[in-house]
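Counting the sequence shown from 1 gives a position; our numbering is that position plus 75.
Some notes on the structure that comes next.
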Amino acid sequence: MKVSEVTIKELMEYAREYNTEDPEVIKTFTTILAACKTYIKGYTGLDDKAMDMKEDLTVALMVLSNELYDNRTFTVENDKVNIVIKSILDMHSINLL
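Given below as structure tokens:
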């Protein structure tokens with residue numbers, strides 16, 4: 076599955092959120108999907124077309140969206156980045172300094 080093919084419904088299912096008719100939940104996942112795509116683009120330096128050629132980025136998108144949904148409160152337990160997301164994004168990063 077390509078990053079551009081991921082739907083809000085699929086993100087909800089991945090996050091085990093079954094209240095799919097609630098407008099607030101839909102709004103939250105709409106925001107999360109946009110934020111995840113922007114984060115991946117910024118982290119890797121890839122554009123939409125290039126992201127679609129790397130299907131493993133879809134996993135990073137799903138995991139990242141779940142993290143954002145599960146951790147909606149403003150608390151920080153540690154400063155560590157999810158190792159799965161970091162590994163996948165690092166493999167495709169073209170904007171290394």
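Here a beta-carbon is modelled for each residue, glycine too, at the ideal position from N, C-alpha and C.
CA nearest to the CA of residue i, picked from the options
i           : options               : result
residue 104 : 129, 119, 118 and 146 : 146
residue 139 : 123, 158, 129 and 92  : 158
residue 109 : 94, 165 and 81        : 81
residue 166 : 126, 100, 144 and 142 : 126
residue 83  : 144, 160 and 117      : 144
Integer Cβ distance of residue i from residue j, believed to fall under 8 Å
i          : j           : result
residue 77 : residue 113 : Between residue 113 and residue 77 the Cβ distance is about 17 Å, and since that is not below 8 Å, they are no contact.
C-beta contact flag for residue i and residue j at 8 Å
i           : j           : result
residue 169 : residue 121 : yes
residue 107 : residue 135 : no
Alpha-carbon spacing of residue i relative to residue j, whole angstroms
i           : j           : result
residue 129 : residue 123 : 10 Å
residue 149 : residue 161 : Annotation note: pLDDT 46 at residue 149 (below 50); position unreliable, coordinate value reported separately. Each residue's alpha carbon lies about 21 Å from the other.
residue 99  : residue 89  : 18 Å
residue 102 : residue 87  : 11 Å
residue 137 : residue 97  : 20 Å
residue 111 : residue 95  : 20 Å
residue 131 : residue 117 : 17 Å
Close beta carbons around residue i, own chain, < 7 Å, minus the five adjacent residues each side
i           : result
residue 151 : The predicted model places residue 151 with a pLDDT of 48, which falls under 50 and marks its position as unreliable; any figure quoted below should be read in that light. No residues qualify anywhere along the chain.
residue 79  : 123 and 127
residue 47  : Here the chain covers residues 76 to 172 and nothing more, so residue 47 does not appear.
Neighbourhood of residue i by C-beta distance below 8 Å, restricted to the same chain and skipping five residues each side
i           : result
residue 142 : 157 and 160
residue 92  : 100, 104 and 144
Contact set for residue i: own chain, Cβ-Cβ below 6 Å, skip 5 residues either direction
i           : result
residue 119 : 164, 167 and 168
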